[in-house]
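Data first, discussion second: the structure below is written as structure tokens.
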Amino acid sequence: MTLLSLAAQVAAAIPTLPASPAPSGTGSASSPQILLSIIVWLPLLGALLVLFLPGRTEADQGRIKNAALVFTGIPMAAALFATISTFTELGIAYSGGFKFEENYTWIGAFGAHYHIGVDGISLPLVLLSTILFFVAVLASLNLKVRVKEYFFLILVLDIGVTGVFTAMDLFLFFVFWEIELIPMFLLILIWGGKRRVYAAWKFLLFTIAASAILLLAILILYFKAGTGSFDMQALGQAKLAPELAATLFWLFFLCFIIKLPAFPLHTWLPDAHVEAPTAVSVLLAGILLKMGGYGIIRICVGMFQAQTKQFSIAILVFAVVGIIWGSVAALVQDDMKRLVAYSSVAHMGFVLLGVSALTAVALNGAVLQLFAHGLITGALFLLVGLVYDRTHTRSIREMGGLAQRMPYLAAAWVIAAFASAGLPGFAGFIAEFEIFIGSFGVHKIGTFLAVFGVVLSAAYLLWMLERVFFGSLKEAWAKLKDPGPVELGYMVGMLGVILLVGVAPKLLTQLINYGVAGLTAGGSVPANLGQ
Amino acid sequence: MTYIGLGHFLVVSAGLFAIGVYGLLSKRNAISLLISVEIMFNSVSLALAAFARFGYNEVQPLAGQAFALFIIAIAAGEVAVAIAILLVIYRQRATVWVDEIDLMKW
Amino acid sequence: MADFLQHSFGYMWLILLLPLAAFLVMLGITYENKRTSAWIGILAALGADAVSIWVLVAELAKPQHLQYPLGLFGDFINFGDFHLSFGILADPLAAMMVVVVCSVSALIQFYSLEYMRGEEGYVRYFAFISLFTFSMLLLVLSPNFFQTYVGWELVGVCSYLLIGHYFKRPSAAAAAKKAFIVTRLGDFPFLVGIGYIFFRFHELDFFALSSHHMYTAGLVSVGGLFVMSLLVFSGAVGKSAQFPLHVWLPDAMEGPTPISALIHAATMVAAGVYLVARAYDLFSASPGALAVIATLGALTSVMAAIWAVAQDDIKRIVAYSTISHLGLMMFGLGVGAYSAGVFHLFTHAWFKALLFLGAGSVIHVMHTQDIWEMGGLGRRMRWTAGTMLVGCLAAAGIFPFAGFWSKDAIMSAVFELKNPAFIVIAILITFFSALYMFRLWFVVFTGQTAKRRAFDPKRVHESNGIILLPLVILAVLATVAGFWGAPFVKEGFSNFIFFGAKPEPETANAIAITASLGSAVLGVVVAAVFYWPRFQRLSAATLTRRYAPVYDWAHNKGYFDEIYEHMFVALGLYIGRAAQWFDQHIIDGFVDGLADGYQLVALYLRRLQSGRVQGYAVGLFAGVIVIAVLALIFGSGGNLAAVAGFAK
């Protein structure tokens, strides 16, 4: 009797087919969409497969690596397909809103849905994360210790991240947000450097705190809104008392700037980066930070627009302090990874600047900055890793003249450094230009100070390049060799994408603008510039 | 002749339970502890059987007795396991005095 | 004929495409083949030069402001009502500048065939020159502020890459970094200024901004215009090495000499002046900003001219001369002499490229840059000496060489202002220009051969034809280019490139001509008296000893490097360290303290977990009793007896 009722409950919890019709879907109703589910859940299949593959011998480990490549490669292809197909439909079949939507009742008892979909804001980020996961797997092909566990965790991480970017249901969002946490913790804890335990726990401490705040905010919103569902779009339209909305805004904002991170909640980032293995650093900076930025744009801007406007100055302060602080701190770092980590703090400040301005152009720039910075910082961390693999040190002081032994690596470094410094021709420039142009009308002095960060970024990057690669070659490095074709291959690929978006930004900007327009449609965001 | 009612059973049961608690808290010998626990079991069995006998559950009148039987069976098994563990501990540490056994300390 | 000329505009995209294609081909295909790569670069520049001359001729025939869109998918960025576009602008100013850039680029690549022979990174060098040429042309042909900024940054990068060509030399790497960062200090206000312009006018297109008179339409207050102008101008200050951001240019001489000629003399550093000329509507709308430009230009010019006299490095002398001349152009633009300032940009490109290439020819043979280690080279390097003399005459502003006409035009405008301070400064600039140029020439080319160093004089020989050909061509241009703007030419420069209404034919200002020519000749005479052995009457050494503080000040470039080093760089690092300390001790201290505090509490709390069964049992029963009592009290509403069951 009890068993039967238990079984019935379990059955109710399993997503019920067929779907309840999507409320705002633009996709064709005839065929059920599964593209996004493939992107999100295929890594799970891969993870299980990796678990069941033997992993003792080198050949076995090779099979595991290949499996990881396949199961991150297919989602990348799927995301690419989704982006391209959306791009070709721009203005024709697609005119904003969510695409590839899937909506099934998940836990009917309290209105949680398995509701995923992408719009112009999340699609570039999904693309970014699938690309970076593929690259991260490529960059870990030389791994020797605990291969099976490593790739299992990477694949699980993949689920969480792509899930966060696609979730349209706050409960689902939170679940994915949490899924990402533990694999990252373990990846730092097990495969990290000397102070990995400290770094991993620090990471966990900060992000768990963020999660707790997030959960609190979601629950308050759920109960106070009284819509009986966790659907973001429904919750976004709920009428809340101004004080409550302000409280909720700050709770969400606090959670996301821990993840972003912004001063003064950024100190977990340098430590986590320094200790994490290369590929994990790439994922951490390239995607996990973007979750914070995405959260701010999707939830703070998307659902609490009036509050974002109201607290614009406060956000600006976070932005400017983050930019300047991150930049000057990067100036004095001796560890290359720490330098790049601090530069991430500065660059994420630009995202906050775009949010604080809350103009369409600035928000466009902020989204593009998420994408661009993901690739650029990913490339920089890979390059740090490639240097470290050869020199076994990351101390800038100990290096010098490496360009003489490793011309190709040095060339890649110079390109990536200029991309990071916001040079025209690279994706970061377009993003920063949009942010500055869009913010100037709203915050004049703030924008001026923020743009000064561009000078500082050139300063710390070029100074680092000078000390590491140029000048006379030190004795110790006389026998270094350039990286092999695989490493150079994925470097060229990543720099190529950065360059492509920089030269033809229209590939993304229009798409992003549809997303931003959808986000700001209901609110009071000026179409162009704040006057 | 005095009618023996539920109250009497419960007094006996409570008395047994108190003896069990006293034994459990005051004895140092593990065997004594086990016996104390058994006494507590029995006190509860007695209470349950008494409740059933005096019809406090009209839907399932025999539930109390069933529980009492259940407890007897479980207590037998539990004693077997507990004494086995005790024997092992005795072989390892040559003592059955519980205040000398604090392996599970923090 | 008209048809043929009109066609030229349809081919203007070639001007941009050729150098870019050359860059890509060199990097991607012919990287291993040195000779081929070099010639690809030269031919691309020549091709672009041909098209640009064609365009210039067409412009001369019929000046026009045409704009051709250029983009991968139409506009570069286009969403909502936000547009950023690339395009090609064809107007007299752009046509003139394009010819300068392409010609100098072609000549310098040809020169480099020999100059860079056997050097490491030969193809890299040529590839970056092509990339630079492309970027510079992108800047020059830009129809809007956005494209200008893109080109602006790209030339900065090329400059970085080329200054750092000898990256094994620590000083070269440091100079490259310094050049980029210092110019970027000027760029960031420029970027903000672009933001300001876009915010106010929703437009970045030069032509739209000027043709609708947006700056003067009252959309911006006077103060706003002033700020806007200065923001844009600071970009020019950085790029054109104006005070106080001039410190990077002398250091930039660490690059190969042809690079100094191309980037740090003729083209890139002139971009600042070009920007001011291009956005002159903006500056002319704000008299205050023009005054700032004039003052800063004059100050830079005279200071650099004085410092140049006290330098010993042949390239640095020419570099300070460049700063001085750029200041002079800014001075001219600032006092309202638009055509004159741009004309000086035009003539300066030729004679300054000539001077650098001549210096390069000497360095190539002598393998030293110290002028005191040279001497008497005139006899053994006749062509170099002769062309250098032309360059010096032009730079000093001696009649009838190119520099005379343009400098004179600026002088006339300055004299017309009747501002005594400006007039004195202008005369000083002319005097010192002549002095340092001829000091250089006399020390290097006259007197005893290679006096200070154990050179075998016989080994000093003339450079070969590949080096001399560009020198000769540039010498010819440095001689004749000035006639385009000479007052007696009817349809001259000022009728071709002008601001506002077409100007009346100028009458030469006799006082200005006399003053400028007089001070220049005086400068030459003073140089001869000090440095030409045949006429030497005074010893420079005695003079420098007597006025040691002044000399030291000039020799050390006014101590600006030291001041910046100790003030801004040190300050930046200090703040950085403070931030780092704050992160590690205050923020992390708090976080770690939180974790430690938690651990401390747990350390005591864990004692509850004693491992003694009976302890747990006590707790268990105590808990049961408490719960039971509470349940009894609250569950029965206080009536204990009712619950106990005895009531029945």
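One line per chain: the protein sequences are A, B and C, in this order.
So that you can map any letter, position 470 of the first sequence is 469 in numbering that gives the first Met the number 0, and since no number is skipped, the others follow by simple counting.
So that you can map any letter, position 87 of the second sequence is 86 in numbering that gives the first Met the number 0, and since no number is skipped, the others follow by simple counting.
So that you can map any letter, position 397 of the third sequence is 396 in numbering that gives the first Met the number 0, and since no number is skipped, the others follow by simple counting.
Quick reminder that beta carbons are idealized off the backbone N, C-alpha and C, glycines included.
According to DSSP, is residue i part of a helix, a strand, or is it coil?
i, result
"ALA65 (chain B)", "helix"
"VAL281 (chain A)", "helix"
"TRP531 (chain C)", "coil"
"PHE99 (chain A)", "strand"
"ASP168 (chain A)", "strand"
"ASP280 (chain C)", "helix"
"PHE652 (chain C)", "Absent from the model: residue 652 (chain C). The displayed extent of chain C is 0 to 647, so no value can be given."
"ASN77 (chain C)", "strand"
"ALA93 (chain B)", "coil"
"PHE85 (chain C)", "strand"
"ASN143 (chain C)", "strand"
"THR392 (chain A)", "coil"
"THR104 (chain A)", "strand"
"ASN28 (chain B)", "strand"
"ASP90 (chain C)", "coil"
"ASP101 (chain B)", "coil"
"ASP157 (chain A)", "helix"
"ASP230 (chain A)", "strand"
"SER19 (chain A)", "Low confidence applies to SER19 (chain A): its pLDDT is 41, below 50, so where it sits in the model is not reliable enough to give any reading."
"ASP369 (chain C)", "strand"
Could you tell me the boundaries of the beta strand (DSSP E) in which residue i lies?
i, result
"ALA92 (chain A)", "Unbroken run through ALA92 (chain A): none, as it is neither H nor E."
"VAL331 (chain A)", "It is not in any beta strand (DSSP E) - VAL331 (chain A) carries neither H nor E in the DSSP assignment."
"VAL117 (chain A)", "111 to 117"
With a 10 Å radius around its C-beta and 16 neighbouring C-beta atoms as the bar for buried, classify residue i as buried or exposed.
i, result
"THR266 (chain C)", "buried"
"PRO22 (chain A)", "Because PRO22 (chain A) sits at a pLDDT of 41, beneath the cut-off of 50, its placement in the model cannot be relied upon, and the point is left open."
"VAL122 (chain C)", "buried"
"ASP595 (chain C)", "exposed"
"MET566 (chain C)", "exposed"
"LEU510 (chain A)", "buried"
"ASP90 (chain C)", "buried"
"ILE323 (chain A)", "buried"
"ASP582 (chain C)", "buried"
"SER438 (chain A)", "buried"
"GLY353 (chain A)", "buried"
"MET103 (chain B)", "exposed"
"HIS460 (chain C)", "exposed"
"LYS289 (chain A)", "buried"
Please say whether residue j and residue i have beta carbons closer to each other than 8 Å?
i, j, result
"LEU137 (chain A)", "ALA78 (chain A)", "no"
"ILE257 (chain A)", "THR307 (chain A)", "no"
"ASN508 (chain C)", "GLU415 (chain C)", "yes"
"MET653 (chain C)", "SER323 (chain C)", "There is no way to answer for residue 653 (chain C), as the model of chain C reaches only from 0 to 647."
"LEU401 (chain A)", "LEU479 (chain A)", "yes"
"ALA224 (chain A)", "PHE170 (chain A)", "no"
"TYR114 (chain C)", "THR294 (chain C)", "no"
"GLY185 (chain C)", "GLY254 (chain C)", "no"
Can you name the start and end residues of the alpha helix (DSSP H) that residue i belongs to?
i, result
"LEU65 (chain C)", "Premise fails: LEU65 (chain C) lies in the beta strand (DSSP E), 65 to 69, not in any alpha helix (DSSP H)."
Going along the chain, which residues of the region 166 to 178 of chain C sit with their C-beta nearer than 7 Å to a C-beta in chain A? PHE166, LYS167, PRO169, ALA172, ALA173 and LYS176
Using a Cβ cut-off of 7 Å, which residues of the region 571 to 595 of chain C contact any Cβ in chain A, in chain order? Flagged, chain order: GLY571, LEU572, ILE574, GLY575, ARG576, ALA578, GLN579, ASP582, ILE586, ASP587, VAL590 and ALA594.
Counting only Cβ-Cβ distances shorter than 9 Å, please list the residues of the region 147 to 166 of chain C near chain A, keeping chain order. TYR148, VAL149, GLY150, TRP151, GLU152, LEU153, GLY155, VAL156, TYR159, LEU160, GLY163 and PHE166
If contact means a Cβ-Cβ distance below 7 Å, which residues of the region 591 to 624 of chain C contact chain B? ARG605, GLN608, SER609, GLY610, ARG611, VAL612, GLN613, ALA616, VAL617 and PHE620
Given a limit of 7 Å on CB to CB distance, which residues of the region 183 to 208 of chain C reach chain A? ARG183, LEU184, PHE187, LEU190, VAL191, GLY194, TYR195, PHE197 and PHE198
For the region 384 to 408 of chain A, which residues have a CB atom closer than 7 Å to at least one CB atom of chain C, in sequence order? GLY400, ALA402 and GLN403
Please name the residues in the region 443 to 473 of chain A whose beta-carbon is closer than 7 Å to at least one beta-carbon of chain C, in chain order. From the region 443 to 473 of chain A, only THR446, PHE447, VAL450, PHE451, VAL453, VAL454, ALA457, ALA458, LEU461, TRP462, GLU465, PHE469, GLY470 and SER471 have a Cβ closer than 7 Å to chain C.
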